[in-house]
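In what follows, a single structure is set out as structure tokens and then discussed.
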Amino acid sequence: METTHRVRGLLAGTATALLLLTGCGAGGSDGSTDTADRSGGFPAPADGDGGYRDQGQDEDQDQRREPAQDHLSTFALDVDTASYGYARRALAEGNSPDPSTIRPEEFVNSFRQDYERPDGNGFSVTVDGARTGEDWSLLRVGLATRTESRTGDRPPAALTFVVDISGSMAEPGRLDLAKESLGTMTDRLRDDDSVALVTFSGEAETVLPMTRLGDRRGRVHDAIDSLEPTDSTNLGAGVETGYATAVEGLREGATNRVVLVSDALANTGDTDADTILERVAGARRDHGITLFGVGVGSDYGDALMERLADKGDGHTTYVSNDADAEKVFCEELPRHIDLTARDAKAQVAFDPRTVEEFRLVGYDNRRVADDDFRDDSVDGGEVGPGHTVTALYAVRTRPGAEGHLATATVRWLDPATRTPHETSGRLETDAVHEDLTGAPVRFQVAATAAYFADALRGGGGDDDFATLPDAPSLTELARTARTLAQRTEDPEVGRLADMIGMARRDGDR
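FYI, in the numbering used here the residues of the sequence shown are 2 to 510.
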């Protein structure tokens, strides 16, 4: 892959070991834990207030705009991480990830952040920034939910596992990994949790109806152990039967979820996410059953799985080994059982007096029309306790700009009552760090992940908007990631450094 990323100016000398993007900031939050209902237009001004145009009128240019045309950026929250996991596997096998599978926000959200947590349901909002060059800065919008509930505090779970047993799942690291993971998870779930098991290949079958665990774990283990790969992949039949089984075993007061485990290489029946989920729309809408997609396999239908999760009000992740599986089924899945927010959206209002141009990094298929921010019938993201969501913006400020830069607002619905809530955070120019090296270390990690994703997407080329300004080379990124791994003592950051090293060796970047 050709190198299109070069350091511009500021990244010189030994200080550039931490370079990355020279600048990060601990910025302001105006009562970020203050949750309040709002029905007014804040932060978006009414049409004609300053002459700003709605972003939805020209969505093909929504990655780069003059604030005089549009000063708002709106997107649905997303906690997916599958893109990062799949890229890591591809690089470990000596392959370059397909640029179409690279979603920068999933790289960024794969790493822990240290945002302040709210006391109850909802979000805290952190907005900070750092200069990366003469004209540009990175702005970080950080959203965090309350800490994870103790296992006994969460509601019971009713989980319908829909497991792909097609021929392609016979490859090591697919069905065998899924079976081992489901067995381990069964032992760790609570007695009052319930599990159902659906399999699909050419057809779909309910192997185990919804079963309260209690003293029936042996029955669940027997069903899991019986799974063997067969022939074709009728993913549509699997999803439809899975939702029907979930509805039949629906538990009031529990978190009802379909967990799809597949390589998503559909080759029989419906293969389009919209068509598949249209057939189960009633179950999703009427019963609030959400979808959690777990991808497996070196050859993986990333686009289909990601689309299914988006349309199914859920999330995706990817597992390639035992450690991944342990984390997903024994840590992440229990975290997804308890929801703290439904249909969550964020809107960032940039001040046109100080901001000349901005670009949201990633969230390409999660953009929402600005006018739909407070339309609660428009789908957002589902978020549980213990989560953080980070959005990065490349921002070009006006010469000599001083004062207010941006206000970030998050809106969500209470999971039980569907009552809407909002809270906001602000950033002023005097809170922006002069360079990244003095900024919060977790900001630097997020920026490293974003620059790496941008490099893997081949930033530049025909779409200039894909390129992050002031981007370091992969050599510099690898050096920075290694330093950050030492500072954080975080194994995940160490693995990021390894990935960047693999990408460097894959070609002259």
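Glycine residues also receive a C-beta, built at the ideal position from the N, C-alpha and C atoms.
Suppose contacts are defined by Cβ-Cβ distances below 8 Å. Is residue i in contact with residue j by that definition?
i, j, result
"Phe374", "Arg412", "yes"
"Val384", "Leu139", "no"
"Val126", "Val390", "no"
"Leu291", "Asp314", "Before going further, note that residue 291 is Thr rather than Leu in the sequence given. Closer than 8 Å, so yes."
"Val396", "Trp137", "yes"
"Leu178", "Ala326", "yes"
"Thr207", "Asn235", "no"
"Leu160", "Arg258", "yes"
"Leu414", "Phe76", "no"
"Asp71", "Leu428", "no"
"Val163", "Gly239", "yes"
"Pro157", "Leu457", "no"
"Lys328", "Leu278", "no"
"Leu228", "Phe330", "no"
"Ala91", "Thr318", "no"
"Ala310", "His316", "yes"
"Ile166", "Leu198", "no"
"Ala205", "Val248", "no"
My output table needs one value for residue i: the three-state DSSP class, helix, strand or coil.
i, result
"Ser138", "strand"
"Asp129", "strand"
"Leu361", "strand"
"Ala205", "strand"
"Phe330", "helix"
"Asn110", "coil"
"Pro492", "helix"
"Met503", "helix"
"Ala267", "coil"
"Leu477", "Reading the sequence as shown, one finds Glu at residue 477 and not Leu. In this structure, Glu477 counts as helix in the three-state DSSP scheme."
"Thr102", "helix"
"Leu261", "strand"
"Glu383", "strand"
"Pro335", "helix"
"Arg308", "helix"
"Thr212", "strand"
In terms of residues, what are the limits of the beta strand (DSSP E) holding residue i?
i, result
"Ala350", "342–351"
"Ala370", "Careful: Ala370 lies outside any beta strand (DSSP E) and carries neither H nor E."
"Phe293", "291–296"
"Ala409", "405–414"
"Arg397", "389–398"
"Glu417", "Going by the sequence as given, residue 417 is Ala instead of Glu. That residue, Ala417, is in no beta strand (DSSP E); it is neither H nor E in DSSP."
"Ser233", "Ser233 -> no beta strand (DSSP E), and no H or E assigned at all."
"Ala456", "From DSSP, Ala456 is part of no beta strand (DSSP E) but of the alpha helix (DSSP H) over 442–457."
"Ala77", "73–77"
Mind checking residue i: buried by the 16 CB within 10 Å criterion, or exposed?
i, result
"Thr246", "buried"
"Gly95", "exposed"
"Thr398", "buried"
"Ser425", "buried"
"Glu423", "buried"
"Gly121", "exposed"
"Ser169", "buried"
"Asp1", "Look at the range of the chain in this structure, 2 to 510, and you will see that residue 1 is not part of it."
"Pro473", "buried"
"Gln487", "exposed"
"Ser321", "buried"
"Asp216", "exposed"
"Asn366", "exposed"
"Asp436", "buried"
"Arg113", "exposed"
"Arg419", "exposed"
"Glu477", "buried"
"Arg286", "exposed"
"Glu332", "exposed"
"Pro105", "buried"
"Glu241", "buried"
Could you give the first and the last residue of the continuous alpha helix (DSSP H) run that contains residue i?
i, result
"Asp165", "From DSSP, Asp165 is part of no alpha helix (DSSP H) but of the beta strand (DSSP E) over 158–165."
"Ser425", "Run containing Ser425: none in the alpha helix (DSSP H); it sits in the beta strand (DSSP E), 421–429."
"Tyr87", "83–93"
"Tyr244", "236–249"
"Val221", "218–226"
"Arg285", "282–288"
"Glu181", "176–189"
"Asp471", "That residue, Asp471, is in no alpha helix (DSSP H); it is neither H nor E in DSSP."
Would you list the one or two residues that DSSP bridges to residue i?
i, result
"Asn322", "Bridge partners of Asn322: none, in fact."
"Ala197", "Thr161"
"Val356", "Thr398"
"His316", "Phe293"
"Gly143", "Thr127, Thr391"
"Arg483", "DSSP output for Arg483 lists no bridge partner at all."
"Thr256", "Ala158"
Would you please verify whether the beta carbon of residue i is less than 8 Å from any beta carbon of chain D?
i, result
"Gly215", "Going by chain labels, chain D is absent from the structure shown, which holds only one protein chain."
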